[in-house]
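Please read the structure below before turning to the comments.
Numbering (my numbering), first residue to last: 518 to 902.
Written out as structure tokens, the structure reads:
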């Protein structure tokens, strides 16, 4: 029996993870559920999975959670809140696996410290490596721990890379749906509405990641993450637009062979892969129907339409804190777009100008990473006016 801490239990990855656990109760138990402010869902999760620890965003929510659990007639697990609570949930001696699924840098410290304590990490939080890839991967090497990616593209790449040795690989190829504006002329993007940008053709996700998919910044983050996870230079990580989202990643080997990972668009498959690796087991997901005719399309991304993808490549090539600034500026800019303060192309403008104004340096600790993140956000907000 392996024991799990779930950072981000009430989000889409969190609920999908718990569905995998629900189907494999003889293999996994839940030690801690770490949520934000969705207390009603958290109460239901506590009722079903009986964690030893539950964590919420702040002290007020912690008190409210206690009242809700009491009103529901449920025994109280240990309750905690904030960064200290997230850290305690991640590093507890009872924990074998930490599923890192908190959106943003809020999950960075807990994930980093879990790595240092040799926990197995299921990584579904891009910001951990985008903001602090050098520190986190150095800690992985020092601790000798496993970090198994959960994002469908990186999980697919992880599977493809099992087909040969790393020194036999010539290229890693990540696929992108192209989002809702794959065919929209660049000149028309200034008129894009929030509702249009949130209408993703393939995936149902949170607001920020959906907007990032529409701008292709999400794919830029995935390029950065892939460089750190698999030790690739940016020039050897290619993005190809594949609107059907059936192929999640491909790896090209030096003999010209290309190994592709194909599956239905259901996050429970990569989640279970991360939890059970290196074994494979039957998963509660749809199977590909090979009796039905299908067409798969591939095309290169249009960097004039999606300049944020080019900015992501440039930031990873620059190294240092550039990718941390990239992520922070993007989060601020996306919030401004969702609030109607800037246009859709304005997201790229704010990110580019923030990168130009925030000095690039090499952080030596998580505290320095978080300091750079704060400074970058402050600069991005100043640029918004």
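We treat Cβ as the ideally placed atom computed from N, Cα and C, and that holds for glycine.
Exercise. Below 7 Å CB to CB, which residues in the same chain sit around residue 858 once its five sequence neighbours on both sides are set aside?
Key: Your numbering for residue 858 matches position 341 in the chain shown. Within the same chain, residue 858 has close Cβ partners 901.
Practice problem: Using the Cα positions of residue 697 and residue 731, report the straight-line distance between them to the nearest angstrom. | Solution: Position 180 of the chain shown, counted from the start, is the residue given in the question as residue 697. Position 214 of the chain shown, counted from the start, is the residue given in the question as residue 731. Taking the straight line joining both Cα atoms gives about 6 Å.
Quiz item: Looking at the unbroken beta strand (DSSP E) that takes in residue 639, where does it start and where does it end?
Solution: Position 122 of the chain shown holds residue 639. Where residue 639 is concerned, the enclosing beta strand (DSSP E) starts and stops at 637-640.
Exercise. Note the first and the last residue of the continuous alpha helix (DSSP H) segment covering residue 854.
Key: Locating residue 854 in the chain shown gives position 337, counting from the first residue. Per DSSP, residue 854 belongs to the alpha helix (DSSP H) from 839-855.
Practice problem: Would you kindly report the start and end of the unbroken alpha helix (DSSP H) that includes residue 713? | Solution: For the purposes of this step, residue 713 is taken as residue 196 along the chain shown, with counting starting at 1. The continuous alpha helix (DSSP H) containing residue 713 extends over residues 711-714.
Self-check item: Start and end residues, beta strand (DSSP E) containing residue 770
Solution: The residue labelled residue 770 in the question sits at position 253 within the chain shown. Its beta strand (DSSP E) spans residues 764-770.
Practice problem: Evaluate residue 644 with the Cβ neighbour count: other Cβ atoms within 10 Å of its Cβ, from every protein chain shown; 16 or more gives buried, anything less gives exposed. | Solution: On the chain shown, residue 644 is found 127 positions in, with the first residue counted as 1. The residue is buried, with at least 16 neighbouring Cβ atoms inside 10 Å.
Quiz prompt | Uninterrupted beta strand (DSSP E) stretches inside the segment 622-678 (no shorter than 3 residues) | solution = Runs of the beta strand (DSSP E) inside the segment 622-678: 637-640 and 664-666.
Practice problem: Return the chain-ordered list of same chain residues with a C-beta closer than 7 Å to the C-beta of residue 802, the five sequence neighbours on each side being excluded. | Solution: The residue given as residue 802 occupies position 285 in the chain shown. In its chain, beyond the 5 residues on either side, 781, 783, 785 and 786 have a beta carbon closer than 7 Å to the beta carbon of residue 802.
Self-check item: Cβ distance (whole Å) where residue 570 is taken to contact residue 597 below 8 Å
Solution: Position 53 of the chain shown, counted from the start, is the residue given in the question as residue 570. Position 80 of the chain shown, counted from the start, is the residue given in the question as residue 597. Contact holds; Cβ gap of about 6 Å.
Quiz item: First and last residue of the alpha helix (DSSP H) that includes residue 903?
Solution: In the structure as shown, the chain begins at 518 and stops at 902. Residue 903 is therefore absent and cannot be evaluated.
Quiz item: For residue 823, which of 634, 567, 733 and 755 has the nearest alpha-carbon?
Solution: Looking up residue 823 in the chain shown gives position 306. Closest option to residue 823, Cα to Cα, is 733.
Quiz item: Can you round the beta-carbon distance between residue 815 and residue 757 to whole angstroms, since I take them to be within the 8 Å contact cut?
Solution: In the chain shown, counting from the first residue as 1, residue 815 sits at position 298. In the chain shown, counting from the first residue as 1, residue 757 sits at position 240. In this structure residue 815 is in contact with residue 757, their Cβ atoms being roughly 5 Å apart against a cut-off of 8 Å.
Quiz item: From residue 687 to residue 777, what distance separates their C-alpha atoms?
Solution: Mapped onto the chain shown, residue 687 falls at position 170. Mapped onto the chain shown, residue 777 falls at position 260. One C-alpha to the other measures close to 14 Å.
Self-check item: residue 806 versus residue 867 - alpha carbon distance
Solution: As a position in the chain shown, residue 806 is number 289, starting the count at 1. As a position in the chain shown, residue 867 is number 350, starting the count at 1. Their backbone Cα atoms lie some 44 Å apart in a straight line.
Quiz prompt | Straight-line Cα distance separating residue 890 from residue 899 | solution = By one-based count along the chain shown, residue 899 stands at place 382. By one-based count along the chain shown, residue 890 stands at place 373. Whole-angstrom Cα-Cα distance: 14 Å.
Quiz item: With DSSP run on the structure shown, which of helix, strand or coil describes residue 548?
Solution: Your numbering for residue 548 matches position 31 in the chain shown. Residue 548 carries a strand assignment under DSSP once its states are collapsed to helix, strand and coil.
Quiz item: Which word fits residue 611, buried or exposed, when buried means at least 16 other C-beta atoms lie within 10 angstroms of its C-beta?
Solution: Residue numbering aside, residue 611 sits at position 94 when the chain shown is read from its first letter. It is exposed - the Cβ of residue 611 has fewer than 16 other Cβ atoms within 10 Å.
Quiz prompt | Runs of alpha helix (DSSP H) wholly within the segment 744-820 (minimum 4 residues, chain order) | solution = The qualifying runs are 785-793.
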